[in-house]
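*Asks:*
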Amino acid sequence: EDKVVQSPLSLVVHEGDTVTLNCSYEVTNFRSLLWYKQEKKAPTFLFMLTSSGIEKKSGRLSSILDKKELSSILNITATQTGDSAIYLCASTGNQFYFGTGTSLTVIP
Amino acid sequence: DTAVSQTPKYLVTQMGNDKSIKCEQNLGHDTMYWYKQDSKKFLKIMFSYNNKELIINETVPNRFSPKSPDKAHLNLHINSLELGDSAVYFCASSPRLVDEQYFGPGTRLTVT
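In order, the protein sequences belong to chains L and C. The opening residue of the first sequence carries number 283 in the working numbering; numbering runs sequentially from there. The opening residue of the second sequence carries number 396 in the working numbering; numbering runs sequentially from there.
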């Protein structure tokens with residue numbers, strides 16, 4: 283059965299900390315791995331990774347895909363309270379599979 | 396400009412009723428989706444349409460019926476609503492199947 287598993291389920295850090303969120307996948311005909319941020323409303327797209335080992339960066343956020351280990355990490359450096367959200371990982375094969383998300387809370 | 400819009404944003408109705416949720420995207424995307432997000436925030440795909448054709452139809456009750464009159468619209472009709480249908484329903488679109496998706500604001504459905 284195709285699935286995506288994220289860890290940890292929740293995380294509480296202080297402003298300025300660096301966090302690493304994990305995503306592992308088992309998906310038939312894997313095509314890509316995507317990260318989304320969900321605050322109060324709809325998920326917003328962060329990154330899409332299709333090739334192994336390539337790092338995608340946007341400001342303080344970065345992500346790497348390891349196709350050998352069937353996993354990806356999302357790093358957030360110098361966290362801010364505005365980073366508090368649920369971070370969703372999704373893998374695509376024949377369709378989309380979302381993980382259960384990691385709830386990140388950044389305390390001032 | 397709203398890229399993916401849904402109406403209504405909130406829907407409160409009684410068990411047994413029939414209701415519809417509408418979705419429109421102005422991004423020119425070929426593919427549209429319906430997702431259900433439960434109280435634990437788990438996103439589960441329900442349907443996917445590519446160029447008005449049903450591509451993915453996950454195991455959802457046949458009380459749920461999607462309709463795509465054109466590439467820019469994907470509506471969701473729900474018959475005989477049940478308590479367990481209470482959730483947030485998200486519409487999304489992507490340029491192609493299994494490409495990055497853009498989500499609508501969601502419709503919070505409450506069945507009493």
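Positions of the beta carbon are idealized from the N, C-alpha and C atoms, including for glycine.
Can you tell me which of the three DSSP states L/T361 falls into?
*Replies:* If you number the first sequence from 1, residue 361 of chain L lands on position 79. Here L/T361 sits in coil by DSSP.
*Asks:* Which same chain residues end up closer than 6 Å to C/T505 when comparing Cβ atoms and leaving out the 5 residues on each side of it in sequence?
*Replies:* The count along the second sequence starts at 1 and reaches residue 505 of chain C at position 110. If we look at C/T505 and ignore the five residues flanking it on each side, its Cβ neighbours are V407 and S481.
*Asks:* So, does the CB of L/T382 fall closer than 7 Å to a CB anywhere in chain C?
*Replies:* On the first sequence, residue 382 of chain L is found 100 positions in, with the first residue counted as 1. Residue-level contact check: L/T382 touches chain C, since one or more beta carbons of chain C fall below 7 Å from its beta carbon.
*Asks:* I think C/Y428 touches C/S443, with their Cβ atoms under 8 Å apart; what is that distance to the nearest whole Å?
*Replies:* Position 33 of the second sequence holds residue 428 of chain C. Position 48 of the second sequence holds residue 443 of chain C. So it is a contact: roughly 5 Å between Cβ atoms.
*Asks:* What residue from L/D365, L/G383 and L/I389 has the CA that sits closest to C/K435's CA?
*Replies:* As a first step, residue 435 of chain C must be located in the second sequence, where it is residue number 40. Of the residues L/D365, L/G383 and L/I389, the one whose Cα lies closest to the Cα of C/K435 is L/G383.
*Asks:* Given a cut-off of 7 Å, decide if L/V388 and L/E297 are closer than it, judged by their beta-carbon atoms.
*Replies:* What you label residue 297 of chain L is simply residue 15 of the first sequence in a count that begins at 1. What you label residue 388 of chain L is simply residue 106 of the first sequence in a count that begins at 1. Cβ distance < 7 Å, so L/E297 and L/V388 count as in contact.
*Asks:* If L/F378 sits next to C/I440, beta carbons under 8 Å apart, how far is it from one beta carbon to the other, in whole angstroms?
*Replies:* Indexing the first sequence from 1 puts residue 378 of chain L at position 96. Indexing the second sequence from 1 puts residue 440 of chain C at position 45. Their Cβ separation, rounded to whole angstroms, is 5 Å, which keeps L/F378 and C/I440 in contact under 8 Å.
*Asks:* Using a Cβ-Cβ cut-off of 7 Å (strictly less than) and excluding sequence neighbours within five positions of L/T310, which residues of its own chain qualify?
*Replies:* In the first sequence, residue 310 of chain L corresponds to position 28, counting from 1. Excluding the 5 residues flanking it on each side, L/T310 has same chain C-beta neighbours closer than 7 Å at D284, G375 and N376, in chain order.
*Asks:* Which two residues bound the contiguous beta strand (DSSP E) that contains C/H472?
*Replies:* On the second sequence, residue 472 of chain C is found 77 positions in, with the first residue counted as 1. C/H472 -> beta strand (DSSP E) spans H468 to I473.
*Asks:* Look at C/T502 and C/Y484 and say whether their C-beta atoms are less than 7 Å apart.
*Replies:* Locating residue 502 of chain C in the second sequence gives position 107, counting from the first residue. Locating residue 484 of chain C in the second sequence gives position 89, counting from the first residue. By the CB criterion at 7 Å, C/T502 and C/Y484 fall inside the cutoff.
*Asks:* Identify, in the order they occur along the chain, each residue of the same chain with its Cβ nearer than 7 Å to the Cβ of C/K447, setting aside the five sequence neighbours on each side.
*Replies:* Counting from one through the second sequence, the residue named residue 447 of chain C turns up at place 52. Excluding positions up to five away in sequence, the list reads S463, D465 and K466.
*Asks:* To the nearest angstrom, how far is it from the Cα of L/G364 to the Cα of L/K319?
*Replies:* Looking up residue 364 of chain L in the first sequence gives position 82. Looking up residue 319 of chain L in the first sequence gives position 37. Distance between the alpha carbons of L/G364 and L/K319 is about 11 Å.
*Asks:* C/Y497: which of C/G423, C/N470, C/T454 and C/F459 sits nearest, CA to CA?
*Replies:* As a first step, residue 497 of chain C is located in the second sequence; it is residue number 102 there, counting from the start. Comparing C-alpha distances from C/Y497 to each of C/G423, C/N470, C/T454 and C/F459 shows the shortest one belongs to C/G423.
*Asks:* Alpha carbon to alpha carbon, what distance is there between L/P390 and C/A487?
*Replies:* The residue given as residue 487 of chain C occupies position 92 in the second sequence. The residue given as residue 390 of chain L occupies position 108 in the first sequence. If I take the Cα positions, the gap works out to 33 Å.
*Asks:* Check the Cβ-Cβ distances between C/L471 and every residue of chain L, and say whether any is below 7 Å.
*Replies:* The count along the second sequence starts at 1 and reaches residue 471 of chain C at position 76. No, because no Cβ of chain L sits closer than 7 Å to the Cβ of C/L471.
*Asks:* In the structure shown, what three-state DSSP assignment does C/E433 receive?
*Replies:* Your numbering for residue 433 of chain C matches position 38 in the second sequence. It is worth fixing the name first, because residue 433 of chain C is Asp in this sequence and not Glu. Three-state result, C/D433: coil.
*Asks:* Roughly how many angstroms separate the alpha carbons of L/S334 and L/E351, rounded to a whole number?
*Replies:* Numbered from its first residue, the first sequence carries residue 334 of chain L at position 52. Numbered from its first residue, the first sequence carries residue 351 of chain L at position 69. So the two alpha carbons sit approximately 10 Å from each other.
*Asks:* Please confirm whether L/V301 and L/V295 have their CB atoms less than 7 Å apart.
*Replies:* Translated into positions along the first sequence, residue 301 of chain L becomes position 19. Translated into positions along the first sequence, residue 295 of chain L becomes position 13. Closer than 7 Å, so yes.
*Asks:* Can you tell me which of the three DSSP states L/L370 falls into?
*Replies:* Reading the first sequence from its first residue, position 88 is the one you call residue 370 of chain L. Strand, per DSSP.
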